[in-house]
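Only one structure is covered here, and it is reproduced in the block below.
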Amino acid sequence: MIVSLAHNILSPLGMTTAENYAAVKAGRSMLKRYEGLWDLPEPFVASLMDRDKVEQAFVEIADNKQYTFFEKMIILSASRAIAEADINASSDKVLFVLSTTKGNVFLLDKREKGFPQERVLLGVAAKQMTDFFHNPNTPLVVSNACISGVCAQIEAMRNLESGAFDYVVVVGCDVQSAFIVSGFQSFKALSVEPCKPFDANRTGLNLGDAAATIIYTRKDQVSENEWVSCRGAIRNDANHISGPSRTGEGSYRALKVALGHVKPEQLAFINTHGTATLYNDEMESVAIERAGLAQVPVNGLKGYYGHTMGAAGILETILSMQAIDDHNILATRGYETIGVTHPLVLSNQNQSTNKRMFIKLLSGFGGCNAALLMAKGGEAC
Amino acid sequence: MLKVYINPEIVMLNDKPLAHNEKGAALLTELYRNYIGDYPKFFKMDTLSKLGFVASELLLQAEGGTRFEPREDRAIVFFNRSASLQADTAYQATIQDKENFFPSPAAFVYTLPNIVTGEIAIRNKYFGETSFIVFPEHDSQIMAQQLQLAFLDPMTTSILSGWLDCTDENHFEAELFIIYKSNL
């Protein structure tokens with residue numbers, strides 16, 4: 000079975016998984032309104048890293064090379080998880096998989112100097128990380144829009160199941176920039192206030208900086224406290240490149256495969272994408288209902304972090320594992336009144352649970368959707 | 000194995016050259032007009048999507064069989080080095096100057112490499128897995144390994160796959176093929 004060995008979250012809410020979980024459990028968020036940042040003409044709400052804090056933490060592990068802020072984030076998050084897992088990252092039995100949508104895209108700005116243009120390429124950025132850890136394998140970069148974080152975990156599972164590698168370090172990261180914020184603004188997808196997932200008055204998403212890492216390994220025997228990545232699936236809506244399917248086609252199909260023989264009542268919750276755009280949340284409610292999961296509690300974590308893009312699937316998987324370890328279903332921050340067609344079991348308060356499985360659900364541009372079933376102990380897989 | 004190769008000057012279908020007059024960006028439009036012609040959304044696409052769309056159409060026409068029937072057993076998995084660089088550069092130009100700031104959603108949506116997999120899924124009603132993986136360099140061995148692993152999905156029985164790279168409107172390379180689980 001494929002087991003989570005260690006993890007880390009680097010976000011505005013903390014530099015460790017424990018700090019992040021404690022902050023989310025306490026209902027904290029660093030979503031703030033920014034005006035005039037990066038010369039953008041319109042204000043926006045986002046959850047952004049204190050870059051000085053990242054610089055200070057990076058000094059402790061730095062070698063003599065120059066790294067961009069994005070590269071520092073992925074190296075720092077990976078290094079903390081690697082230290083916790085106590086593995087030799089330079090071994091050829093270790094594979095790195097990076098989940099990102101835009102990497103170093105800010106280097107395309109003509110005002111940016113000091114780094115070779117080549118670093119804007121996602122694979123070249125990922126290579127900075129594998130070189131840092133003296134890892135000899137070619138890194139895989141999974142770039143499937145907002146579902147990349149779950150896709151990267153599915154790639155990790157497959158590469159471990161094949162026996163080609165003993166450990167896979169899955170790192171997800173995106174850092175915000177004028178490029179990304181202006182793009183989502185042009186789509187009219189951003190809310191000018193903290194986002195309200197699934198709420199009747201939701202007006203759009205917020206963006207956020209984060210990096211998150213999970214290290215997976217393969218084990219024959221799994222103890223009852225270990226987290227097993229059971230199965231995942233990626234499915235397409237085959238409907239529209241920037242709008243979700245009205246029938247929730249891809250999410251419904253991905254959910255069905257990820258669920259397999261597991262009964263809805265075995266699930267503690269479904270951790271949704273829950274971006275708080277009108278169409279995404281509505282689509283998820285349709286897909287969950289179609290998959291026969293309308294009675295399963297759902298939550299969404301974008302109200303704490305905003306949409307962290309390439310990091311989201313990994314960050315949200317880690318927090319969901321932590322929550323179940325704590326017998327908790329995390330509150331959906333920002334949610335007040337149900338605002339989707341199919342009523343879902345939602346709460347803006349933490350709820351208790353004794354169940355030991357959850358599904359992580361994501362959807363993104365390009366009509367892509369992904370679902371991943373995680374189980375504590377793995378016997379129910 | 001069914002395969003198609005396109006670069007700005009050469010088009011090969013199953014190792015046989017396909018006649019054409021144009022080069023570069025105009026080549027893709029010529030191929031569209033000569034072999035497809037019924038999908039005007041083509042003209043809205045970025046170069047990576049145009050390239051993937053034209054290459055996939057040539058390949059699927061050669062494959063024969065019923066087309067445009069909904070199916071979940073076919074995956075689309077592409078690889079490249081440059082992700083969505085051409086679309087990224089085009090979008091950046093729209094926000095570079097404060098005095099001439101005109102970001103457009105139609106340009107922004109293509110700043111993700113996986114959009115081309117969505118375009119092909121929409122055209123063909125493919126509900127199966129779609130994925131885009133980026134490498135530091137072209138590496139046939141790793142591509143082959145990752146493709147084998149993609150058959151671990153319980154429903155996937157064939158994959159439309161290969162290398163699909165584009166650095167600007169006039170520099171691109173597609174080397175696509177269809178791989179069947181039954182032939183592994």
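Taken in order, these protein sequences are the chains called A and B.
With the first letter of the first sequence counted as 1, position 44 gets the number 43 in numbering that gives the first Met the number 0; the numbers rise by one all the way through.
With the first letter of the second sequence counted as 1, position 159 gets the number 158 in numbering that gives the first Met the number 0; the numbers rise by one all the way through.
All C-beta atoms in this analysis are idealised placements derived from N, C-alpha and C, irrespective of residue type, glycine included.
Could you check whether residue j and residue i sit closer than 8 Å to each other, using their CB atoms as the reference points?
i	j	result
A310(A)	C172(A)	yes
V295(A)	I269(A)	yes
A267(A)	H341(A)	no
N238(A)	I121(B)	yes
I177(B)	Y125(B)	no
L345(A)	I337(A)	yes
E192(A)	I1(A)	no
S98(A)	Y303(A)	no
V168(A)	A56(A)	no
A88(A)	N158(A)	no
N349(A)	R332(A)	no
F197(A)	L343(A)	yes
L386(A)	C145(A)	Since the first residue shown for chain A is 0 and the last is 380, residue 386(A) is missing from the structure and cannot be characterised.
A75(A)	Y215(A)	Note that residue 75(A) is Leu in the sequence shown here, rather than Ala. It is not a contact, given that the beta carbons lie outside the stated cut-off.
G207(A)	L189(A)	no
G122(A)	P135(B)	yes
L314(A)	A151(A)	no
V119(A)	I132(B)	no
A54(B)	L183(B)	no
V170(A)	I73(A)	yes
L39(A)	P11(A)	no
H19(B)	L30(B)	yes
P39(B)	G23(B)	no
Which residues in chain B sit within 9 Å of residue i, going by Cβ to Cβ distance?
i	result
S284(A)	Neighbours of S284(A) on chain B: none; closest Cβ ~20 Å, over 9 Å.
E218(A)	It should be pointed out that residue 218(A) corresponds to Lys in this sequence rather than to Glu. Within chain B, no residue comes near K218(A); the closest Cβ sits about 18 Å away, beyond 9 Å.
So residue i contacts chain A; which residues on that side make the cut at Cβ distance below 8 Å?
i	result
E128(B)	A232, I233, R234, N235
A89(B)	Simply none; closest approach about 10 Å.
E71(B)	R234, R252
S81(B)	L120
I158(B)	Here the premise fails: no neighbours, minimum Cβ distance about 12 Å.
M11(B)	Under the 8 Å cutoff, chain A gives no residues; its nearest Cβ is about 26 Å from M11(B).
Chain C beta carbons: is any one of them nearer than 8 Å to that of residue i?
i	result
S185(A)	Considering every chain present, this structure includes no chain C. Its protein chains are A and B.
I believe residue i touches residue j by the beta-carbon criterion, under 8 Å. Please report the beta-carbon distance rounded to the nearest angstrom.
i	j	result
A369(A)	G231(A)	6 Å
C367(A)	A275(A)	Going by Cβ atoms, the distance from C367(A) to A275(A) rounds to 19 Å, so no, they are not a contact pair.
G161(B)	R70(B)	Rounded, the Cβ-Cβ distance is 19 Å, inconsistent with contact.
A106(B)	K43(B)	In fact, because the Cβ distance is near 10 Å, the residues do not count as touching under 8 Å.
F69(A)	V174(A)	5 Å
L371(A)	T307(A)	Contact doesn't hold; Cβ gap of about 17 Å is too wide.
G182(A)	G312(A)	Contact doesn't hold; Cβ gap of about 20 Å is too wide.
Using CA atoms only, rank isn't needed, just tell me which of the options is closest to residue i.
i	options	result
Y20(A)	F114(A), N7(A), K31(A), A84(A)	N7(A)
Y438(A)	F197(A), I287(A), A77(A)	Because chain A here runs from 0 to 380, residue 438(A) falls outside it and cannot be looked at.
C165(B)	S130(B), F77(B), L183(B), K43(B)	F77(B)
S48(B)	K97(B), V3(B), A86(B), E136(B)	A86(B)
F132(A)	D91(A), R252(A), G162(A)	D91(A)
T28(B)	P153(B), K15(B), D96(B), L50(B)	L50(B)
L163(B)	N113(B), Q140(B), L148(B), Q145(B)	N113(B)
A257(A)	C380(A), L39(A), V140(A)	C380(A)
V58(A)	W226(A), K71(A), E378(A)	K71(A)
Y33(A)	A25(A), I287(A), V44(A), P138(A)	V44(A)
P42(A)	V180(A), K64(A), A17(A)	V180(A)
T271(A)	K262(A), R217(A), G247(A), F164(A)	G247(A)
A253(A)	F164(A), N235(A), N298(A), Q116(A)	N235(A)
Q127(A)	G13(A), D108(A), N103(A)	N103(A)
Determine the chain B residues that contact residue i at a beta-carbon separation under 7 Å, and present them in chain order.
i	result
E41(A)	The premise fails here: E41(A) is roughly 10 Å from chain B at the closest Cβ pair, so nothing lies under 7 Å.
R157(A)	L148, L151
S181(A)	I94, P102
Just the chain B side, please: which residues come within less than 8 Å of residue i by C-beta, in chain order?
i	result
C380(A)	Ordered by position in chain B, no residue passes the 8 Å Cβ test against C380(A), which lies about 14 Å from the chain.
C150(A)	S130
V93(A)	Under the 8 Å cutoff, chain B gives no residues; its nearest Cβ is about 15 Å from V93(A).
T100(A)	L111
D108(A)	Q91, Q95
In chain A, which residues lie less than 9 Å from residue i when you measure between Cβ atoms?
i	result
I35(B)	In chain order: nothing, as chain A lies at least about 18 Å away.
Q144(B)	N158, S161, A163
K180(B)	By Cβ distance, chain A contributes nothing, its closest Cβ being about 14 Å from K180(B), past 9 Å.
Mind pulling the chain A residues with CB within less than 7 Å of residue i?
i	result
I141(B)	T137
K97(B)	D38
D138(B)	T137
- Task: Mind checking the region 39 to 60 of chain B against chain A and listing, in chain order, the residues whose C-beta falls within less than 7 Å of any C-beta there?
- Result: none
- Contacting positions in the region 104 to 130 of chain B - beta carbon closer than 7 Å to chain A: P104, F107, V108, T110, L111, P112, N113, I114, T116, G117, E118, A120, I121, K124, Y125, F126, G127, E128, T129, S130
- Item | the region 234 to 262 of chain A: positions lying closer than 8 Å to chain B by Cβ | R234, N235, D236, A237, N238, H239, I240, S241, E248, G249, R252, V256
- If you measure beta-carbon to beta-carbon, which residues of the region 112 to 143 of chain A are closer than 8 Å to chain B? V119, L120, L121, G122, V123, A125, K126, T137, P138, L139, V140, V141, S142, N143
- Task: Name, going along the chain, the residues of the region 167 to 179 of chain A whose beta-carbon falls closer than 7 Å to a beta-carbon of chain B.
- Result: A177, F178
- Just by C-beta distance, which residues in the region 292 to 317 of chain A are closer than 8 Å to chain B? none
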